[in-house]
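Right, one structure below, let's go through it.
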Amino acid sequence: MTEKQLNNIVPENWSMIIKPKRHWFDINLKELWAYRDLIALFVRRDFVAKYKQTILGPLWFIIQPLLTTLMFTVVFGNIAKLSTDGLPKILFYFSGIVGWNYFAESLKATSNTFVTNASIFGKVYFPRLTMPISIVISNLVLFFIQFVFLLFFIGYYYFLGVNISISFYILLLPVLILMTAGLGLGFGIIISSLTTKYRDLTYLVTFGVQLWMYATPIIYPLSSISGIYKKIILLNPMTPIIETFRFIMLGSGELNLGQLLYSFIFMIVTLILGILLFNKIEQSFMDTV
497 MTEKQLNNIV PENWSMIIKP KRHWFDINLK ELWAYRDLIA LFVRRDFVAK YKQTILGPLW
557 FIIQPLLTTL MFTVVFGNIA KLSTDGLPKI LFYFSGIVGW NYFAESLKAT SNTFVTNASI
617 FGKVYFPRLT MPISIVISNL VLFFIQFVFL LFFIGYYYFL GVNISISFYI LLLPVLILMT
677 AGLGLGFGII ISSLTTKYRD LTYLVTFGVQ LWMYATPIIY PLSSISGIYK KIILLNPMTP
737 IIETFRFIML GSGELNLGQL LYSFIFMIVT LILGILLFNK IEQSFMDTV
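The sequence shown lines up with residues 497 to 785 when you count with this note's numbering.
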C-alpha cells in the first residue's frame with residue numbers, strides 16, 4: 497500500500513496506523529508514551545530475569561560494588577598510595593563506583609539492543625526505543641539500591657567523626673542522574689546502531705568502558721591532576737558529573753557549573769545523535785543483523 501493510500505484511510509476506522517519511516521527525523525515521541533506499559537513490563541523483566549536463578553539474588557547489587565571498592569582500597573589506596581582528598585578510602589571509592597556503575601551498565605546493556613533483540617523485533621511491532629529506555633530505567637533501580645547503601649556508609653563515618661558535609665547543592669542530584677542516564681543511553685544506542693554492521697564493536701565495548709573509567713576520577717581526585725592532563729580529563733563528560741556527585745554528597749571534590757554545563761550540552765547532543773542514528777538504522781537493521 498502506498499503512502500498516498502495510507503493517508504486516504506479514514507482514521508476513525510483504525511485504532512492504530514503503522515507507517516514506514518521515510519527520513520531521519522521521522523520520530524514519534526507520542527508513540528513512546530503510548531507504549532509506557534510495555535516499557536514497565538520490560539523493566540520488570542530485566543530486573544527479575546537478571547538474578548532469577550542466582551543464590552544471592554539482588555544482593556549482587558551490593559556485593560559487586562563492595563568487592564570492587566575493597567580491591568580499589570587495597571591496590572590504589574594502600575599499595576599505590578593515591579590521594580583520596582582526605583576522605584576515608586572506602587567512602588571515596590564507593591561513591592565514585594556508585595555513580596560510574598549506572599553509566600557503565602546502561603551503556604553496555606543498550607549497546608546490544610539490536611543484536612540481542614533481533615528475534616523479537618522481527619516478529620512484532622513496537623517502538624524500538626522502548627527497549628533501551630527500559631534498560632536505563634531498570635539500571636536506575638540498581639543505582640538507587642547502591643545509593644541507599646552509600647548513605648549508610650556516609651552516616652557510619654559521620655558518627656565516627658569524619659569531616660563529611662552534604663551540600664545544599666544536593667538539589668542537583670536529579671540533574672546528575674538525568675545526565676548520566678542520557679549519556680549512557682546516547683552512547684549505547686549509537687554503538688548499538690553501528691554493531692548491526694560492525695560486530696567488532698561488541699567486543700570493544702566492555703574493554704572501552706574499562707579504559708574510560710580510568711579517564712574518569714573514580715580512583716583518584718581531580719585535584720591530584722594538573723596541567724595538560726587535567727584538561728584532557730575534563731574533556732570527558734563524566735568527569736564533572738562524578739566530581740559534582742562527590743562534592744554534594746561528601747563535601748570533597750570540585751563543583752564547576754561551567755564544566756557541568758559542558759557535560760549537559762554534551763549529553764543532549766549525544767542523545768539527539770543517538771536517537772537519529774537509531775531511528776535511521778531501525779528501518780533496515782533486519783537485513784544486516
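By construction, the Cβ of each residue, glycine as well, lies at the ideal position given by its N, Cα and C atoms. Model, not experiment: these values are computed from the prediction.
Asked                                                                                                                                                                               : Found
Tell me which residue opens and which closes the alpha helix (DSSP H) that residue 733 is part of.                                                                                  : That residue, residue 733, is in no alpha helix (DSSP H); it is neither H nor E in DSSP.
Are the CB atoms of residue 756 and residue 665 nearer to each other than 8 Å?                                                                                                      : no
Could you give the first and the last residue of the continuous alpha helix (DSSP H) run that contains residue 633?                                                                 : 626-655
For residue 768, count the other beta carbons within 10 Å of its own beta carbon; 16 or more makes it buried, fewer makes it exposed. Which is it?                                  : exposed
Classify residue 696 as helix, strand or coil using the three-state DSSP reduction.                                                                                                 : helix
Thinking residue 705 and residue 604 are a contact (beta carbons under 8 Å), I'd like their distance in whole angstroms, please.                                                    : 6 Å
What is the C-beta distance between residue 641 and residue 557, in whole angstroms, given that I count them as a contact (C-beta under 8 Å)?                                       : 5 Å
If you reduce the DSSP assignment to three classes, tell me which class residue 714 lands in.                                                                                       : coil
Helix, strand or coil for residue 611 per DSSP?                                                                                                                                     : helix
Using only CA atoms, which one of 606, 585, 530, 601 lies nearest to residue 716?                                                                                                   : 585
Do residue 770 and residue 650 have their C-beta atoms within less than 8 Å of each other?                                                                                          : no
Please list, in chain order, all residues of the same chain as residue 701 whose beta carbon is under 7 Å from its beta carbon, the five residues on each side excluded.            : 604, 607, 687
The alpha helix (DSSP H) with residue 758 in it runs from where to where?                                                                                                           : 753-778
Could you have a look at residue 595 and say whether DSSP puts it in helix, strand or coil?                                                                                         : helix
Cα separation between residue 692 and residue 774?                                                                                                                                  : 11 Å
Given a cut-off of 8 Å, decide if residue 737 and residue 759 are closer than it, judged by their beta-carbon atoms.                                                                : yes
By DSSP, does residue 662 sit in helix, in strand, or in coil?                                                                                                                      : coil
Rounded to whole angstroms, how far is the Cβ of residue 534 from the Cβ of residue 622, which I believe are closer than 8 Å?                                                       : 6 Å
Count the other C-beta atoms from every protein chain shown that fall within 10 angstroms of the C-beta of residue 456, then say buried if there are 16 or more, exposed otherwise. : Coverage of the chain is limited to positions 497 through 785, which leaves residue 456 absent and any answer about it impossible.
Given a cut-off of 8 Å on the beta-carbon distance, is the pair residue 733 and residue 679 in contact?                                                                             : yes
In chain order, what residues of the same chain lie with their CB nearer than 8 Å to the CB of residue 565, ignoring the 5 residues before and after it?                            : 586, 589, 590, 593
Considering residue 683, what are the terminal residues of the alpha helix (DSSP H) in which it resides?                                                                            : 669-691
Could you spell out the range, first to last residue, of the alpha helix (DSSP H) harbouring residue 557?                                                                           : 556-568
Spatial neighbours of residue 697 within its chain, please: C-beta separation below 8 Å, excluding the five flanking residues on both sides.                                        : 607, 687, 690, 691
Enumerate in chain order the residues of its own chain whose CB-to-CB distance from residue 527 is below 6 Å, with the five nearest sequence positions on each side excluded.       : 623
First and last residue of the alpha helix (DSSP H) that includes residue 527?                                                                                                       : 525-530
Using DSSP with H/G/I as helix, E/B as strand and the rest coil, what is residue 620?                                                                                               : coil
How many whole angstroms separate the CB atoms of residue 661 and residue 635, which I take to be in contact at a CB cut-off of 8 Å?                                                : Going by Cβ atoms, the distance from residue 661 to residue 635 rounds to 29 Å, so no, they are not a contact pair.
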